[in-house]
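Q: Dumping the structure here so I can ask a few things about it.
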Amino acid sequence: DAGVTQSPTHLIKTRGQQVTLRCSPKSGHDTVSWYQQALGQGPQFIFQYYEEEERQRGNFPDRFSGHQFPNYSSELNVNALLLGDSALYLCASSLQGAREQYFGPGTRLTVT
Amino acid sequence: GESVGLHLPTLSVQEGDNSIINCAYSNSASDYFIWYKQESGKGPQFIIDIRSNMDKRQGQRVTVLLNKTVKHLSLQIAATQPGDSAVYFCAERGLTGGGNKLTFGTGTQLKVEL
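Heads up: the sequence lines are chains A and B, in that order. For what it's worth, this note's numbering labels the leading residue of the first sequence as 1, then goes sequentially. For what it's worth, this note's numbering labels the leading residue of the second sequence as 1001, then goes sequentially.
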């Protein structure tokens, strides 16, 4: 049984560009959350998807958007990239309302 | 506002000793407090959690203590091993808005010396 998977592993983009990150949840999970982890910091909640809708959102600008597909996989899109968007982006999956969230290995995004 | 903070950024212990990692929180509305372990190049891994109406919970070699009076959470690791070297985060789960958003602290680096 595969855990949470994310792609790509690493990504380098230029300021102003757009990026799409992908996440496949753990088998049987229906809820996907995205977190941004800056170097030396704890993960910061971006948003959560359930039943293909954004259910909860953290303090992130509209440049950050997402999508959940019928198979529960999810994408995170970031437009007009800034240098400060450089971070590890983590995807976590769970069953709706469950307290334990399983994290993927993350996508390391570098904006130059 | 919500915040979860840690007292020490780095903790060094000798192999075989017990480790204690502390955390302070400010949101009294959280229903669960959770400890995660993050090794280099990996995502956070669930260690143990405690419900807000409990004071203590034990797992395998780990114990979590919750003091609601002073809003303090601690993780105790018995007989610390080299494989325990990692960054440890406390997190709180809030159920507002119908989701299970986690709010993390900044982390404590645990270094196990041989």
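Every residue, glycine too, gets a C-beta built ideally from N, C-alpha and C. These figures come from a predicted structure and were not determined experimentally.
(1) Please tell me whether leucine 90 (chain A) has its Cβ less than 8 angstroms away from any Cβ of chain B.
(2) I want to know whether the segment 57–67 of chain A touches the segment 88–98 of chain A - three or more CB-CB distances under 8 angstroms.
(3) Among residues of its own chain, excluding the 5 on either side of glutamine 1045 (chain B), which ones have a beta-carbon nearer than 8 angstroms to its beta-carbon?
(4) If aspartate 1055 (chain B) sits next to leucine 1066 (chain B), beta carbons under 8 angstroms apart, how far is it from one beta carbon to the other, in whole angstroms?
(5) Taking Cβ-Cβ distances shorter than 8 angstroms, what residues in chain A pair up with arginine 1093 (chain B)?
(6) Return the residues of the segment 1034–1051 of chain B that lie within a Cβ-Cβ distance of less than 9 angstroms from chain A, sorted by chain order.
(7) Reducing DSSP to helix, strand and coil, say where aspartate 1084 (chain B) ends up.
(8) Any idea if serine 7 (chain A) is buried or exposed, counting beta-carbon neighbours within 10 angstroms, 16 or more meaning buried?
(9) Hey, does glutamate 1002 (chain B) have any beta-carbon neighbour from chain A nearer than 8 angstroms?
(10) Taking glutamine 1060 (chain B) as the reference, give the member of B:Ile1077, B:Asn1018 and B:Asn1027 with the closest Cα.
(11) Check this for me: beta carbons of threonine 1063 (chain B) and valine 1013 (chain B), under 8 angstroms apart or not?
(12) Please report the straight-line C-alpha distance between phenylalanine 69 (chain A) and asparagine 77 (chain A), rounded to a whole angstrom.
(13) Determine the DSSP secondary structure at aspartate 85 (chain A), reduced to helix, strand or coil.
(14) Between glutamate 1113 (chain B) and the rest of its own chain, which residues show a CB-CB distance below 8 angstroms, the 5 nearest in sequence each way excluded?
(15) Reducing DSSP to helix, strand and coil, say where aspartate 62 (chain A) ends up.
(16) Which residue's Cα is closest to the Cα of isoleucine 1047 (chain B): B:Ser1030, B:Leu1075, B:Asn1053 and B:Cys1023?
A: In short, the structure shows the following:
(1) yes
(2) no
(3) Sequence-distant partners of glutamine 1045 (chain B) (beyond 5 residues in either direction) whose C-beta falls short of 8 angstroms from its own C-beta, in its chain, are Tyr1036, Lys1037, Gln1038 and Glu1039.
(4) Indeed they touch by this definition, with Cβ atoms about 6 angstroms apart.
(5) Arg99
(6) Ile1034, Tyr1036, Gln1038, Gly1041, Lys1042, Gly1043, Pro1044, Gln1045, Phe1046, Asp1049 and Arg1051
(7) helix
(8) exposed
(9) Below a pLDDT of 50, predicted positions are generally treated as unreliable, and glutamate 1002 (chain B), at 45, falls in that range; no measurement from the model is reported.
(10) B:Ile1077
(11) no
(12) 14 angstroms
(13) In the three-state DSSP reduction, aspartate 85 (chain A) falls in the helix class (H, G or I).
(14) So the list reads Ser1012, Val1013, Gln1014 and Glu1015, once near-sequence residues are dropped.
(15) coil
(16) B:Leu1075
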